[in-house]
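Take a look at the structure set out below.
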Amino acid sequence: MTFEMRAYQVITELNIAETIFTYIKHQSMTLSAEQLTKTLNRMSCPGGDHDYVNIVIDFSSWCTHFRAELVEPLFKSLDALFGFTNVYSFSHKFPLISKLIFQDRYAPPDQDQDGEPMEGPRCVHGPEAWLEGLRQKGWTLATILIILLAAHRCDTTASLLGQGDNQVIVLRIPSKQYLRERNLTPDEYTQQFLRVLEEIYDKAGIVIKVPESWRSRRLLEYGRRYFLDGVQVSGAIKKATRLTSEANQTIHTTNATIAGLFSSGVSIAGDDESPVPAYMLTVYEAARVLWRLHPEYLQQSDEWMITLLLMNRTIGGYPVVLFPQFATRATQDTLSLGLSVKRHALRDDRLRECVYTLLDIGKPNHVDLIQLIKDPGSIPLNIPPQPENLFRRRLKEGLLGIIKNNEMLAIFGTKADEE
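Numbering-wise (numbering that gives the first Met the number 0), the sequence shown opens with residue 0 and increments by one.
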């Protein structure tokens, strides 16, 4: 997209977010984390004299199913609200005068006599649909209105929360007298609502993923957050089952594996009531990894392994995350934190000798005065070389022999190192 095209798209989307969505409570696109949490807590336990059912709707290729015939009346109303002429209503006329080019350096589209790309396998003239997310907020507004229309036709109300192709509906079940007069059970009434909703969406040309849509009277799910009978269910257990599988790295080194484990562990702690289980599990899994990759560590005591995993990268250990960082986010001063943890370890009679063995505080083999300017938090400890530094050095040596561009070659020269 050109700058002018992108500016049109971004500004009109921002305008909906900052004005229209201020009065639309049925969406999460403009909510802060605190507002979203409060909204989910309220929706998971609506209370009152009525029963409610939670419905999660997922759509198939949601962005590409909207057409001008469906949304033009809504977008004309937006134009009228702002005093515009053919600004929002131009949205789906936009792609009709556009050319959609698929990037393929080996098979670029053919050009006509004027140099314009010709229609073919790599170029589509005038696609009826906009691309993914280009009118996300406008389409979300249309989706919300259709759901509210279905609720109105079924003589009820609904609370919604969602963005884009994922919508959560808390549907109010009418009174027992209403159901008795129509010979309906709550489940049959819910099915009736879903049939009405699907009928409206079919007419609108929007497809619901039936296998991935579900309903429950007890469970509410939004964005991988679960609420059972109004109480949030911890997502830590689910994440903990994938602790080792999520620690995947492109280059399999010990450092990368340990860093991935602790990153996943911090994520588990963030979803749990206490950081202690996540930290203990992560340390145990990290110890297992080290024992597998370095069998000689099996000859050491448990106290030695504990001390090793209490040393972060700043003071010469592995890229571990210490317990205070599990308990509190955004702990940036890793040097002070690492030294503080080591100070407490020195006070333990079982760990003191292991600290003296592992922490090398002798005269440094290499003193880099420039490093102190680059990182005031650094100290001249004898830290083992990092694998990524070795890769970088070997890559630089190899590139120097194959680069022919003098300007690129200057980047890898000695002057670049000095700078």
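We put the beta carbon where it would ideally sit given N, CA and C, even for glycine. The structure displayed is predicted, hence computed values, not measured ones.
* Own chain residues within Cβ distance below 8 Å of S215, not counting five before or after -> V52, N53.
* Asked: By DSSP, does Q190 sit in helix, in strand, or in coil?
  -> DSSP places Q190 in helix when its eight states are reduced to three.
* CA-to-CA distance, F89 to D374, given in whole angstroms -> Roughly 52 Å between the two C-alpha positions.
* Asked: According to the Cβ coordinates, are C353 and E302 closer than 8 Å?
  -> Yes, these two residues count as a Cβ contact at 8 Å.
* Same chain, Cβ closer than 6 Å to E417, five either side skipped, listed in chain order -> Here E417 scores only 46 on pLDDT, less than 50, and its place in the model is too uncertain to base an answer on.
* Specify whether the region 333–347 and the region 307–319 touch according to this definition: at least 3 beta carbon pairs, one from each stretch, less than 8 Å apart. => Three or more beta-carbon pairs separated by less than 8 Å link the region 333–347 to the region 307–319, which places the two stretches in contact.
* Identify every run of the beta strand (DSSP E) within the region 35–99, keeping only runs that are complete inside it and at least 3 residues long; order them along the chain. => As far as the region 35–99 is concerned, its whole beta strand (DSSP E) runs of at least 3 residues are 50–59.
* Please list, in chain order, all residues of the same chain as Y221 whose beta carbon is under 7 Å from its beta carbon, the five residues on each side excluded. => Listed in chain order, the non-local C-beta contacts of Y221 below 7 Å within the same chain comprise L39, L160, V167, local neighbours out to five positions each way being set aside.
* Asked: Which residues in the same chain have their Cβ closer than 8 Å to the Cβ of L218, if we skip the five residues on either side of it in sequence?
  -> N53, Y225, F226, L227.
* **Neighbourhood of A141 by C-beta distance below 6 Å, restricted to the same chain and skipping five residues each side** => Excluding positions up to five away in sequence, the list reads V70, L73.
* Asked: Hey, how far is the Cα of I100 from the Cα of R121?
  -> Computed Cα separation, rounded: 6 Å.
* Asked: Count the other CB atoms within 10 Å of the CB of Q8; is the residue buried (16 or more) or exposed (fewer)?
  -> Label assigned to Q8: buried.
* Return the chain-ordered list of same chain residues with a C-beta closer than 8 Å to the C-beta of L280, the five sequence neighbours on each side being excluded. => Result list for L280: A239, L242, G264, I267, in chain order.
* Determine the burial state of N85: buried for a count of at least 16 other Cβ atoms within 10 Å of its Cβ, exposed for fewer. => With fewer than 16 other Cβ atoms from the protein chains shown falling within 10 Å of its own Cβ, N85 counts as exposed.
* To do: Count the CB pairs spanning the region 16–34 and the region 129–148 that are closer than 8 Å, and state whether there are at least three.
  => Touching, yes.
* Please confirm whether L170 and A157 have their CB atoms less than 8 Å apart. => Yes.
* Asked: Rounded C-beta distance between C44 and G163? I'm assuming under 8 Å.
  -> Contact doesn't hold; Cβ gap of about 26 Å is too wide.
* Asked: Pick from L309, L77, L389, R104: whose alpha carbon is nearest that of T18?
  -> Nearest in C-alpha terms to T18, of all of L309, L77, L389, R104, is L77.
* Asked: Ordered along the chain, which non-local residues of its own chain (more than five positions away) have a Cβ less than 7 Å from that of A149?
  -> Sequence-distant Cβ neighbours of A149 in its own chain, meaning closer than 7 Å and more than five residues away, are F192, V195, L196, I199.
* Asked: What residues are listed by DSSP as bridge partners for E220?
  -> Note: E220 sits in a beta bridge opposite Y225.
* **Under 8 Å between C-beta atoms of H49 and I146** => Going by C-beta atoms, H49 is not nearer than 8 Å to I146.
* Does any CB atom of chain C fall closer than 8 Å to the CB of I402? -> Annotation note: the requested chain C is absent from the structure, which comprises a single protein chain.
* Going by other Cβ atoms of all chains shown within 10 Å of its Cβ, with 16 needed for buried, is R11 buried or exposed? -> It is worth fixing the name first, because residue 11 is Thr in this sequence and not Arg. The C-beta of T11 has 16 or more other C-beta atoms within 10 Å across all chains shown, which makes the residue buried.
* Use the C-beta contact count for Q135: other C-beta atoms within 10 angstroms, 16 or more gives buried, fewer gives exposed. => The residue in question, Q135, is buried, as its Cβ has 16 or more Cβ neighbours within 10 Å.
* K423 and S59 closer than 8 Å at C-beta -> Limits of the chain in this structure are 0 at one end and 418 at the other, which puts residue 423 out of reach.
* To do: Note down the Cα distance separating E187 from R179, rounded to an integer number of angstroms.
  => Our two residues, E187 and R179, have alpha carbons roughly 12 Å apart in a direct line.
* Between M407, L309, L133, which lies nearest to A6 when the distance is taken from Cα to Cα? -> It is L133 whose Cα lies nearest to the Cα of A6.
* To do: State the DSSP-derived secondary structure class of A157, mapped to helix, strand or coil.
  => Reduced to three states, the DSSP call for A157 is strand.
* Asked: Quick one: what's got a C-beta closer than 8 Å to K341's C-beta in the same chain, skipping five residues either side?
  -> Taken in chain order, the residues that qualify are L309, M310, I314, V354, L358.
* Which residues in the same chain as L350 place their Cβ atom closer than 6 Å to its Cβ, once the five residues preceding and following it in sequence are excluded? -> E302, T306, A344, listed in sequence order.
* L95: which of H124, Q112, A235, L368 sits nearest, CA to CA? -> Residue H124 is the option with its Cα nearest to L95.
* To do: Using 10 angstroms around the beta-carbon of H151, count the other beta-carbons present and answer buried if the total reaches 16, otherwise exposed.
  => Counting Cβ neighbours within 10 Å, H151 comes out exposed, since fewer than 16 surround it.
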